[in-house]
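This report refers to the structure that appears directly beneath it.
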Amino acid sequence: MRIAEVARTLGCEVDTIRYFERIGLIETPACGSDGYRSYRQGTLNELRFILNCRKAGMSIAEVVQLIALRKGESYDSEEIGLMLDATIAQIQRQTEMLKRLKAQLLTLRETCREQDAEREPDRVAAEIDLDDRVFALPLPALQLSAARAFRPF
Numbered sequence: 001m002r003i004a005e006v007a008r009t010l011g012c013e014v015d016t017i018r019y020f021e022r023i024g025l026i027e028t029p030a031c032g033s034d035g036y037r038s039y040r041q042g043t044l045n046e047l048r049f050i051l052n053c054r055k056a057g058m059s060i061a062e063v064v065q066l067i068a069l070r071k072g073e074s075y076d077s078e079e080i081g082l083m084l085d086a087t088i089a090q091i092q093r094q095t096e097m098l099k100r101l102k103a104q105l106l107t108l109r110e111t112c113r114e115q116d117a118e119r120e121p122d123r124v125a126a127e128i129d130l131d132d133r134v135f136a137l138p139l140p141a142l143q144l145s146a147a148r149a150f151r152p153f
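FYI, full-length UniProt numbering numbers position 8 of the sequence shown as 8, with every residue one higher than the one before it.
What follows is the structure, given as structure tokens:
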């Protein structure tokens, strides 16, 4: 898979992937006979992990530590444990905030339906089937670029 396709698949910028290559978070793939770099599925998984860590609020330095841990390199288990505990707590806070937001949005949606029912009962009746579906709350895609300042190591 070429870099533009990887970026599109992961919802990030090409510059972000190149930045991660420059700082050594991921390996730069060799150019193929066609002159283009081809990214393996394993690299996609690594990038997805890095981007998810960044979305969770982790610094590049923290991500570097986690990658070292995943590769079996030496690490300070106490330091990484504290960092992971802090990140897990942050994710828990975000999860609770999203649950509260979801409840508020559902209440607002019900208010809209009630108001619509008073005005257009036939149209609202046709929409009731939508209630059986589960919709995921779309989170903003992480758009990192080389121009954006990352926290330094």
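A virtual CB, placed ideally from N, CA and C, is assigned to each residue, including glycine.
Quick caveat: nothing in here was measured; it's all calculated off a predicted structure.
Go through its chain and collect everything with a Cβ distance to residue i's Cβ below 8 Å, but skip five positions before and after it.
{"i": "E79", "result": "Q65"}
{"i": "G57", "result": "T87 and Q90"}
{"i": "E37", "result": "With the sequence shown as reference, residue 37 is identified as Arg, and Glu is not the correct amino acid for it. Cβ within range, chain order: R2, I3, T28, P29, A30 and C31."}
Tell me, to the nearest whole angstrom, how far the beta carbon of residue i is from that of residue j; I am working on the premise that it is less than 8 Å.
{"i": "E46", "j": "I26", "result": "5 Å"}
Between residue i and the rest of its own chain, which residues show a CB-CB distance below 6 Å, the 5 nearest in sequence each way excluded?
{"i": "V63", "result": "I50 and C53"}
Please say whether residue j and residue i have beta carbons closer to each other than 7 Å?
{"i": "Y75", "j": "L82", "result": "no"}
{"i": "M1", "j": "Y39", "result": "yes"}
{"i": "V14", "j": "I3", "result": "yes"}
For residue i, which option in the options has the closest C-alpha, if you only look at C-alpha atoms?
{"i": "L84", "options": "E96, I67 and L98", "result": "I67"}
{"i": "R48", "options": "C112, L10 and K102", "result": "L10"}
{"i": "L44", "options": "T95, Q94, R109 and C12", "result": "C12"}
Item to complete: Answer yes if the segment 6-19 comes into contact with the segment 27-45, meaning at least three C-beta pairs across the two stretches below 8 Å, and no otherwise.
Response: Contact check between the segment 27-45 and the segment 6-19: three or more CB pairs, one atom from each, fall below 8 Å, which counts as touching.
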